[in-house]
Amino acid sequence: MVEHRPLRDLVAYAVLSLGILIFAFPVYVAFVASTYDAATVVSGNLPLVPGGRMLENYYRAVFVGGSRFMNEPVGVLLLNSFVTAIGIAVGKIFISILSAFAIVYFRFPFRKTAFWIIFITLMLPVEVRIYPTYKIVADLRMLDTYAGLILPLIASATGTLLFRQFFMTVPDELLEASRIDGAGPLRFFWDTLLPLSMTTVAALFVIQFIYGWNQYLWPLLITTKDSMQTIVIGIKKMLTTTDELAEWQLAMATAVLAMLPPVAVVVFMQRLFVKGLVETEK
Amino acid sequence: MANVTLRNVRKVYPGGFEAIKGIDIEVGDGQFCVLVGPSGCGKSTLLRMVAGLETISSGEIDIGGRIVNAIEPAERDIAMVFQNYALYPHMSVYNNMAYGLRNRRIPESEIKTRVEDAARILELGTMLERKPRQLSGGQRQRVAMGRAIVRQPKVFLFDEPLSNLDAKLRIAMRVEIRKLQRRLNTTAIYVTHDQLEAMTLADILVVMNGGRVEQIGNPLEIYQKPATTFVASFIGAPPMNLMPIEGVRAQLLGADAVPAAAGQLGIRPEDFELGDTVPAGGIGLDLRVDAIEHVGAETYVYGARQDVGHTDSLSATANDVIVRLPGVASPQIGTRIRAVAARAKLHLFSADGRQRLSV
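So the sequences go chain by chain: Z and U.
This note's numbering numbers the first residue of the first sequence as 1 and each following residue consecutively.
This note's numbering numbers the first residue of the second sequence as 1001 and each following residue consecutively.
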């Protein structure tokens, strides 16, 4: 924008601030709730300024564990979630970049068929194929393992399509120049295609990390041991009580902690993103 | 250093389309061969076949005494400069040039020497650490050339390397390419659709049309004695005037009769003069001046022939004749002029234009 109109700026900022407020307020309430004792939180009259039990609550959440139903400390849950999310993100990127490479750059029988089969899996998210997937994972004795948490969520049509679209915009001459420069297919992939794809890789990593981190149904189904549970499940279980007071302050502390890694990934990757956008040019 | 020989080379695409219909070319060691033709004539396909980027349906390509039909591009000992340069965007200028050498496991010290030599020749010395996007079009072009030079190939292949540059730079780079090729004395094959580029660069000019060779030869020879009407109209700007011989046959009955097979007559715009007397056996055309273009050193006069029926259509027709006059000539639009040409300046072709006949 070239023009500078104070009134318009004011309105724009007002709308923006309102939006931020709406989005940020629940998060703030969660944070405030994590700094009081259980009774205050449950009473329904939560003050708007943080209380004094922050350190204690967070200490208990991270190292001791919550209710009778959820005895693992949050540290373990965070680790589980982290391993799962990283595994899913890295695995998806690895599989989909290679399959896109095959589909775009190689001529093999049934190439089109392979592409369409991948495409069709878009219509089959985990929830739809949950029974057969569970059966397979159970038969492979992967219940309560990281492999069981990660592998079924790796196959990704989205990633493959994204990389395919990107590869198709890479000029053919780059491939031809590589061939003349004596680079075989894998060398071309490693030396040229992968560096050019870094922006796409970063974008996909962010999306898939958060996708993996937020998984609920699948981890709920295949993990029975507390020590293998992810943080999202952990929060849910903390609130499961029979007749005593639910420890909301611990659940909220856990929720706040659960938010941090995805935020960190977005913030860190965004920097890479922008760098990638600035540095690559086709 | 190598000869490049193409023997009856054909390219048929799986769909049945025949892009190259049997081509024989022989390029001597150190010669600069230019393939020229309109878009879609197969010149780029042919170059890519020499490079190994397209398969050869039949025939043989021989580089330096070795049949390369089944050899990978990297093993053919060629280097190629692409139209869009195809520089690796994420690599520095240095690495762009060094990449091919590293893949051939040439020692790093040797690579350094070669890249620095090339950078010196191409005046890229201060830019070795930059990325391609930080360079201007002309500099990228040089890097692409540098990447070709450092390989010390037997043959340079150029695929319209100058068409992304502006007109002024194109002329400067054209001269540089020629100098460089002379200096390195490396055989080169160069594809272009620009007939001026073709004329100025070539030792051997190959004019192609529709997947066939129309004419091969020294550029001046081709200019002076085009083998077909296609070559006649493609080489030279403005193009040769071509007209059916019927209307002017009577005039040409001079010293020698015109061959009976002759169907078309061609005269280059610069071979006309303005005058009243038609030279013996030559030709004189009465024209109405329709348009004049002054380009400084010369003037192009667009005239409509008055001896045949003509329309008032604005587009050029077979009855329009271009006359090129030296300096600033001043016929007025709408006036009548007579353009005459000597018999020695005339070109005769068969009716279908496929054959040149002696005058």
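Even for Gly, the Cβ is constructed at its ideal location relative to N, Cα and C.
Just so it is clear, the structure is predicted and the values come from calculations on it, not from any experiment.
* Helix, strand or coil: how does DSSP classify residue 1154 of chain U here? -> coil
* residue 166 of chain Z beta carbon less than 8 Å from that of residue 89 of chain Z -> no
* Asked: Of the residues that make up the stretch 193-210 of chain Z, which ones have a beta carbon closer than 7 Å to any beta carbon in chain U?
  -> 195 and 196
* Asked: Taking only runs of the alpha helix (DSSP H) that begin and end inside the stretch 126-197 of chain Z, which ones reach a length of at least 4 residues, in chain order?
  -> 130-139, 146-150, 157-169, 172-180 and 185-188
* Any idea if residue 1166 of chain U is buried or exposed, counting beta-carbon neighbours within 10 angstroms, 16 or more meaning buried? -> exposed
* Looking only at DSSP bridge pairs, what is residue 1134 of chain U linked to? -> None; residue 1134 of chain U has no bridge partner.
* Asked: In angstroms, rounded to a whole number, what distance separates the CA positions of residue 1014 of chain U and residue 1116 of chain U?
  -> 44 Å
* Pull up the CB-CB distance for residue 1278 of chain U and residue 1303 of chain U, whole angstroms please, since I reckon it's below 8 Å. => Actually they do not touch by this definition, with Cβ atoms about 16 Å apart.
* To do: List the residues that DSSP assigns as beta-bridge partners of residue 1109 of chain U.
  => Answer is none; residue 1109 of chain U lacks a bridge partner.
* residue 1089 of chain U, buried or exposed, once every other Cβ within 10 Å from all chains shown has been counted against 16 -> That one is buried.
* Tell me, please, whether the CB atom of residue 1074 of chain U is closer than 8 Å to any CB atom in chain Z? => For residue 1074 of chain U, the answer is yes, since a Cβ of chain Z falls inside 8 Å of its Cβ.
* State buried or exposed for residue 5 of chain Z, treating a residue as buried only when at least 16 other CB atoms are found within 10 Å of its CB. => Residue 5 of chain Z is classed as exposed because its beta carbon has fewer than 16 other beta carbons within 10 Å across all chains shown.
* Asked: Short check: CB of residue 261 of chain Z to CB of residue 218 of chain Z, under 8 Å?
  -> The beta carbons of residue 261 of chain Z and residue 218 of chain Z sit no closer together than 8 Å.
* 6 Å Cβ shell around residue 1214 of chain U - same chain, five flanking residues per side excluded -> 1207, 1228, 1230 and 1231
* Burial state of residue 1354 of chain U, where buried means 16 or more other Cβ atoms lie within 10 Å -> exposed
* To do: Kindly indicate which three-state DSSP category residue 239 of chain Z falls into: helix, strand or coil?
  => coil
* Candidates U/1222, U/1176, U/1193 and U/1210, of which the one nearest residue 1430 of chain U by Cα -> A query on residue 1430 of chain U cannot be resolved here, the shown segment of chain U reaching from 1001 to 1359 and no further.
* Out of curiosity, what's the CA-to-CA distance linking residue 54 of chain Z and residue 127 of chain Z? -> 38 Å
* With 16 other Cβ atoms within 10 Å as the buried cut-off, status of residue 1183 of chain U -> exposed
* To do: Provide the residue(s) that pair with residue 977 of chain U in DSSP beta bridges, ordered along the chain.
  => Residue 977 of chain U lies beyond the range of chain U shown here (1001 to 1359); nothing can be said about it.
* is_contact[residue 182 of chain Z, chain U] using C-beta, thresh 8 Å -> yes
* Skipping 5 residues on each side, what residues in its chain have a beta carbon closer than 7 Å to that of residue 1019 of chain U? -> 1011, 1013, 1042, 1045 and 1211
* Do residue 1201 of chain U and residue 1032 of chain U have their C-beta atoms within less than 8 Å of each other? -> Yes; because the gap between Cβ atoms is below 8 Å, this pair is in contact.
* Proximal chain U residues relative to residue 272 of chain Z, where beta-carbon distance stays under 7 Å -> Within chain U, no residue comes near residue 272 of chain Z; the closest Cβ sits about 14 Å away, beyond 7 Å.
* Asked: Exposed or buried, what is residue 1175 of chain U when buried is set at 16 or more other beta-carbons lying within 10 Å of its beta-carbon?
  -> exposed
* residue 186 of chain Z versus chain U: which residues are under 9 Å apart at the beta carbon? -> Result: empty, since nearest Cβ-Cβ is about 12 Å, beyond 9 Å.
* Asked: Taking the alpha-carbon positions, what's the residue 1225 of chain U to residue 1261 of chain U distance?
  -> 18 Å
* Asked: What's the gap between the Cα of residue 178 of chain Z and the Cα of residue 94 of chain Z?
  -> Taken atom to atom, the span from the alpha-carbon of residue 178 of chain Z to that of residue 94 of chain Z is near 22 Å.
* To do: Please state if the CB of residue 1339 of chain U and the CB of residue 1321 of chain U are separated by a distance shorter than 8 Å.
  => yes
* To do: Drop a sphere of 10 angstroms on the beta-carbon of residue 1112 of chain U, count the other beta-carbons inside from all chains shown, and report buried for 16 or more, exposed for fewer.
  => Classification of residue 1112 of chain U: exposed, given that the 10 Å Cβ count is below 16.
* Asked: What is the DSSP secondary structure of residue 1011 of chain U, counted as helix, strand or coil?
  -> strand
* Asked: For residue 109 of chain Z, which residues in chain U fall below 8 Å Cβ to Cβ?
  -> The premise fails here: residue 109 of chain Z is roughly 14 Å from chain U at the closest Cβ pair, so nothing lies under 8 Å.
* Cα-Cα separation, residue 28 of chain Z to residue 252 of chain Z -> If I take the Cα positions, the gap works out to 10 Å.
* Which residues does DSSP pair with residue 1299 of chain U in a beta bridge? -> According to DSSP, residue 1299 of chain U shares a beta bridge with U/1294 and U/1325.
* **residue 1022 of chain U versus U/1030, U/1047, U/1059 and U/1114, residue with shortest Cα-Cα distance** => U/1059
* Is there a Cβ from chain Z that is less than 8 Å from the Cβ of residue 1004 of chain U? -> no
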